[in-house]
Amino acid sequence: MTDDLFSAVNEADRVQRLRAQLHHHAHRYYVLDEPEIPDAEYDKLFQELQALEATHPELASPDSPTRRVGGQALAHFASVRHAVPMLSIRTETDTEATGAEAFDARVRRELGLQPENDPVVYVGELKFDGLAINLRYEHGSLVQAATRGDGEVGEDVTQNIRTIGQIPLRLQGAQPPVLEVRGEVYMRRDDFEALNERQRNKIAQGAKNEKTFVNPRNAAAGAVRQLDPGIAAQRPLSFFAYGLGDVQLAPGVAPPQTHHAWLMQLRDWGLPVAPQTRLARGAAELVAFHREMGQGRDALPFDIDGVVYKVNSLALQRQLGFVTREPRWAVAHKYPAQEQLTTVLAIDVQVGRTGKLTPVAKLAPVFVGGVTVTNATLHNEDEARRKDVRVGDTVVVRRAGDVIPEVVSVVADKRMHEGMLFTMPACCPVCGSAAVREEGEADHRCSGGLFCPAQRKEAILHFAHRRAVEIEGLGDKLVDQLVDANLIRNLTDLYRLGLSALLNLERMADKSANKLLEAIERSKQTTLARFIFGLGIRHVGEATAKELARHFGKLDAVMDATEEQLLEVADVGPVVAQSIHTFFGQAHNREVVEQLRALGLSWPEGEPAARAVLPLTGKTLVITGTLPSLSRDEAKDRIEAAGGKVAGSVSKKTDYLVAGAEAGSKLTKAQELGVAILDETQLLELLNGGA
Ligand code: IVH
Numbered sequence: 002m003t004d005d006l007f008s009a010v011n012e013a014d015r016v017q018r019l020r021a022q023l024h025h026h027a028h029r030y031y032v033l034d035e036p037e038i039p040d041a042e043y044d045k046l047f048q049e050l051q052a053l054e055a056t057h058p059e060l061a062s063p064d065s066p067t068r069r070v071g072g073q074a075l076a077h078f079a080s081v082r083h084a085v086p087m088l089s090i091r092t093e094t095d096t097e098a099t100g101a102e103a104f105d106a107r108v109r110r111e112l113g114l115q116p117e118n119d120p121v122v123y124v125g126e127l128k129f130d131g132l133a134i135n136l137r138y139e140h141g142s143l144v145q146a147a148t149r150g151d152g153e154v155g156e157d158v159t160q161n162i163r164t165i166g167q168i169p170l171r172l173q174g175a176q177p178p179v180l181e182v183r184g185e186v187y188m189r190r191d192d193f194e195a196l197n198e199r200q201r202n203k204i205a206q207g208a209k210n211e212k213t214f215v216n217p218r219n220a221a222a223g224a225v226r227q228l229d230p231g232i233a234a235q236r237p238l239s240f241f242a243y244g245l246g247d248v249q250l251a252p253g254v255a256p257p258q259t260h261h262a263w264l265m266q267l268r269d270w271g272l273p274v275a276p277q278t279r280l281a282r283g284a285a286e287l288v289a290f291h292r293e294m295g296q297g298r299d300a301l302p303f304d305i306d307g308v309v310y311k312v313n314s315l316a317l318q319r320q321l322g323f324v325t326r327e328p329r330w331a332v333a334h335k336y337p338a339q340e341q342l343t344t345v346l347a348i349d350v351q352v353g354r355t356g357k358l359t360p361v362a363k364l365a366p367v368f369v370g371g372v373t374v375t376n377a378t379l380h381n382e383d384e385a386r387r388k389d390v391r392v393g394d395t396v397v398v399r400r401a402g403d404v405i406p407e408v409v410s411v412v413a414d415k416r417m418h419e420g421m422l423f424t425m426p427a428c429c430p431v432c433g434s435a436a437v438r439e440e441g442e443a444d445h446r447c448s449g450g451l452f453c454p455a456q457r458k459e460a461i462l463h464f465a466h467r468r469a470v471e472i473e474g475l476g477d478k479l480v481d482q483l484v485d486a487n488l489i490r491n492l493t494d495l496y497r498l499g500l501s502a503l504l505n506l507e508r509m510a511d512k513s514a515n516k517l518l519e520a521i522e523r524s525k526q527t528t529l530a531r532f533i534f535g536l537g538i539r540h541v542g543e544a545t546a547k548e549l550a551r552h553f554g555k556l557d558a559v560m561d562a563t564e565e566q567l568l569e570v571a572d573v574g575p576v577v578a579q580s581i582h583t584f585f586g587q588a589h590n591r592e593v594v595e596q597l598r599a600l601g602l603s604w605p606e607g608e609p610a611a612r613a614v615l616p617l618t619g620k621t622l623v624i625t626g627t628l629p630s631l632s633r634d635e636a637k638d639r640i641e642a643a644g645g646k647v648a649g650s651v652s653k654k655t656d657y658l659v660a661g662a663e664a665g666s667k668l669t670k671a672q673e674l675g676v677a678i679l680d681e682t683q684l685l686e687l688l689n690g691g692a
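Take my numbering: the last position of the sequence shown gets the number 692, and nothing is skipped along the way.
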C-alpha cells in the first residue's frame, strides 16, 4: 500500500515536471525560434508524458501540452482563422523500411481490402524540414499567407512570404475563385551556411543584436516571423507545395480526383512541387521510395526529416477520414535525426591548410543524420564563447548533408561543473608560431606560414605557382605525393631533392623526375617580387609584392622594416603592414628564408625606388555593408592595391565610405561627418583612376 502511494506521488511529480519542461521547450521552439534541445529529445519527453497520462487518467489536465499542438500567435502579427484547419500528420516511429508496410497494412485494413485486392496507390513525398504555410489565392492573386499556428488560428505573414521568389503572386492559366495551397517554407543548406557566415562576420565586426541560427528550419521560421519584411527579404527562403486548404473552383470546372493530379495542377499554376514526388503502388514501392530518398538525403540541397506517404485517391481519403486531428490516409516516416545530444570530451584547435585555426569539440561518439560523429566544429573563438561550450557540457550536435558537423548549442541545465570559457591559444598548436586575429576578422591564423606543418602543402604550392617563383610541373598531386612520402617537410627541402628519392615515388619515371629537378633548378633565378609573393604572407598579393620590392629594393630591408616603414609603401595599409611585420617576426619563417638563400635562390637587388602615385594614394576608406559583387577582402585588396588605406571605423580622417546593403551605424556616422559615400560602381570607377 505504502509502495503504491509512493509511486503515485512520484508519477504525479514526474507529470508536473514533464509538463513544465515541455511548456518551456515548446515556447522556445514555437515562439522564440530558439530551441535548446533537439526535436528527438522533445519528442521523447512528449511521449513519456503521453504514456503517463494514458496509464493515469486521473492525472489528466486540460492545459497539458499533450492537449495542444504548439505555437501561440505572436502579438505583433494579425491572427488568421484558417478556413480549413491545418492538420498535423501521424508519425511512423519505426525508422526501418517496415514502417511503410505497417502503414499500408493499416490502410488496407481500414478500407476492408483483402490480400487478393489490388495494391493501394500512394504518393511518396519528402518531409521538408521547414514550417507549414497556407497561401490563399483569390481569383489568381495571392491575398494572404499564414502560418499554421495551433492549426485553427495562425499568423498573417503575407508581407514576408511575398519576398519568396518561388511563390507566385499570380497563378498562371485559368484562375479559380479560391485556392488555398499548403506547403513548406524552408531554407536551402547553402543559403543557410552563407547566412550564418554573414552573421558571424557581422558579429566579428562588432554588430550587436546579431546571432547565428541553429539550423535551416529555425532560420526560415525566424525569417517568416521577422517583423521587418526588408530583413526577411535578405533571408533567402524557398517553398514547396504539398497540399490544399479551402478550394472553390469555377462552376463547371471538374476538380482533380487524386492527390497526385492536384499536385500536377498546382505545378501548372506555377507553384513549386518537389521533383522527388512520385506515385508508388503498394507497400513495396513505398519501401523502395523510403530507401532511395534516405540514400539521396545528404545530396539534397535542403534538409528533410523523413518522407510522407499519402493515399492517392481522394475518394479513398474521404473513406479513411481522420482520427482526432490526424488523417488516416497519410503518415510521416522519419529518418535518423540530424540533431542529437552528446557530451564534449575536449576542445581542440585544428589548423587548416591556409593557417586558419578552428576550435573543434571532441565528442562522445553519437549517431547523427546517419553517421557516427566524434568531432564538431565551433567555427571560431567568438562562436565558441558565445555558445559558451565547455568541456563536460551536454551539447546539441547537428550534421546535415555534406556540411561539417557543428555544435549548435549547450543544454544549460545539464552543466554539472563550471569548466572554463574557451580561449584561443596565443600560439599555433601545430608549429608554435604566433596566432593572430586581425581587426574585423572572425578567425585566428597561424603566422608561421613557411614553417607550419599544417600549411606546408599550401605553402609549397603557392611558392611554386606560375606567378610566384614558378616551378613548372609542381602541382597539387605531386605536392601531396612529396609531402605524404615525407620527402619534403618545408620549402627548403624542395631544393634538396635528389633523383633517387624522386624515383621511389609511384608513377615517377626517369624523365619526369629529371624534368622536375630541372624546373626546380631554374626557379633559383627569380625576382625579388616573385620571391616575396611566393612566401604566401597573408594579404600580400602580387601587386603588393611588386610594390614592396620596388620600395625597398632589397629583401633584408623588407624583412627588417618596422610597421611604420611598411606603411610608407604605396599599397600597404595597417592590416597588411602588421601582417608582413608579424610574418618576418617569426624566427622560423626567417630561418626558412635564410636557408632558401643559402640553397642558391637569388634575384637582382636594387636601390629603393620612388613611390608611385596611384589613384588612391593618401586616401583612407572605410567599407560597410555587403557589396553586390566584391567580397570585403576583395574590395580591401583592390583599394590597397590602388594606394588607399582601409580603416575599420569612420572618423574625420575618412575620405570615403564604401557602403553596401545592410549598411548600419557607419553609414549614419559618415553622413553626420559629411564623408563622401560611394557605392560599388563608384568605387570601381575610382579604382580605375576616375574622379
Ligand atoms: S501533409 C493533412 N506533406 O510536416 C496532412 N506535411 O504534421 C498535412 N511537412 O507541419 C501535412 N513535408 O509542415 C505534409 N510533404 C509533406 C510535408 C509535410 C513537411 C510538415 C508540415 C507539418 C508537418 C506534419
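The C-beta atom is built at its ideal place from N, Cα and C for all residues, glycine as well.
Bear in mind the structure is a predicted one, so any value in this text is a computation, not a measurement.
Where does PHE129 sit, in a helix, a strand or coil, going by DSSP?
strand
Mind checking which residues open and close the alpha helix (DSSP H) that includes ALA460?
457-465
Proximity below 8 Å, CB of PRO178 to CB of GLU139
yes
CB-CB under 7 Å to LEU529, same chain, minus the five flanking residues each way: which ones, in chain order?
ALA550, LEU556, TRP604 and GLU606
Sort ARG268, GLU198 and LYS311 by Cα distance to HIS380 and report the nearest one.
GLU198
Alpha carbons only, please: which of THR563, PRO616, GLN176 and LEU475 is nearest the one belonging to ASN689?
PRO616
Report yes if the C-beta distance between LEU602 and THR527 is below 8 Å; otherwise report no.
yes
Short Cβ contact (8 Å threshold) for GLY402 with ARG190:
yes
At what residues does the beta strand (DSSP E) containing ASP680 begin and finish?
It is not in any beta strand (DSSP E) - ASP680 carries neither H nor E in the DSSP assignment.
SER239: first and last residue of the uninterrupted beta strand (DSSP E) it sits in
239-249
Alpha carbon to alpha carbon, how far is GLN296 from GLY371?
10 Å
Could you spell out where the alpha helix (DSSP H) holding VAL614 opens and where it closes?
First-last for VAL614: undefined, no H or E at that position.
DSSP beta-bridge partners for ILE348?
ALA362
What are the residues that DSSP puts in a beta bridge with PHE323?
PRO328
In this structure, does DSSP put TYR336 in helix, strand or coil?
coil
So, is GLY356 buried or exposed, given that buried needs 16 or more other C-beta atoms within 10 angstroms?
buried
Can you give the Cα-Cα distance for ASP269 and TYR123, rounded to whole angstroms?
21 Å
Measure the beta-carbon distance from ALA571 to GLY626 and round it to whole angstroms, keeping in mind my assumption that it falls under 8 Å.
Actually they are not in contact, since the Cβ atoms of ALA571 and GLY626 sit about 27 Å apart, beyond 8 Å.
Which residues mark the beginning and the end of the beta strand (DSSP E) in which ASP634 is found?
No beta strand (DSSP E) holds ASP634; the alpha helix (DSSP H) holding it covers 633-642.
Which residue from ARG468, THR493, VAL390 and THR378 puts its Cα closest to that of VAL404?
THR378
Have a look at the DSSP bridge pairing and note the partners of HIS93.
Going by the sequence as given, residue 93 is Glu instead of His. Partner(s): HIS334.
Using the C-alpha atoms, what's the distance from GLN339 back to VAL81?
32 Å
Enumerate in chain order the residues of its own chain whose CB-to-CB distance from VAL70 is below 7 Å, with the five nearest sequence positions on each side excluded.
Only weak support is given to the placement of VAL70: the predicted model assigns it a pLDDT of 39, under 50, and the question is left unresolved by the model.
Tell me which same chain residues have a C-beta within less than 8 Å of the C-beta of VAL154, skipping the five on either side of it?
ALA74, SER80, VAL81, ARG82 and HIS83
For a test of the three-state rule: what should DSSP assign to TYR496, helix, strand or coil?
coil
Delimiting residues of the beta strand (DSSP E) encompassing GLN482
Not the beta strand (DSSP E): GLN482 falls in the alpha helix (DSSP H), residues 477-485.
Between which two residues does the alpha helix (DSSP H) harbouring MET295 extend?
What sits at residue 295 in the sequence shown is Gly, not Met. Run containing GLY295: 283-297, per the alpha helix (DSSP H) assignment.
Counting only beta-carbon atoms, is GLY554 nearer than 8 Å to chain C?
Protein chains in the displayed structure number just one, and chain C is not present.
Whole angstroms are fine: how far does the CA of MET425 sit from the CA of SER434?
13 Å
Please report how far the alpha carbon of VAL409 lies from the alpha carbon of GLY174, in whole angstroms.
45 Å
Any heavy atom of ligand 1 closer than 7 Å to the Cβ of ILE90?
yes
Environment of THR3 [buried if 16+ CB atoms lie within 10 Å]
Caution is warranted here: a pLDDT of 46 is assigned to THR3, below 50, making its placement in the model unreliable, and the coordinate value is therefore given only provisionally. It is exposed - the Cβ of THR3 has fewer than 16 other Cβ atoms within 10 Å.
Roughly how many angstroms separate the alpha carbons of LYS653 and LEU674, rounded to a whole number?
7 Å
Taking only three categories from DSSP, how would you classify LEU280?
strand
Cα-Cα separation, ALA234 to GLU663:
12 Å
To the nearest angstrom, how far is the alpha carbon of VAL1 from that of VAL374?
What the structure shows of the chain is the stretch from 2 to 692, and residue 1 is not part of that stretch, so it cannot be assessed.
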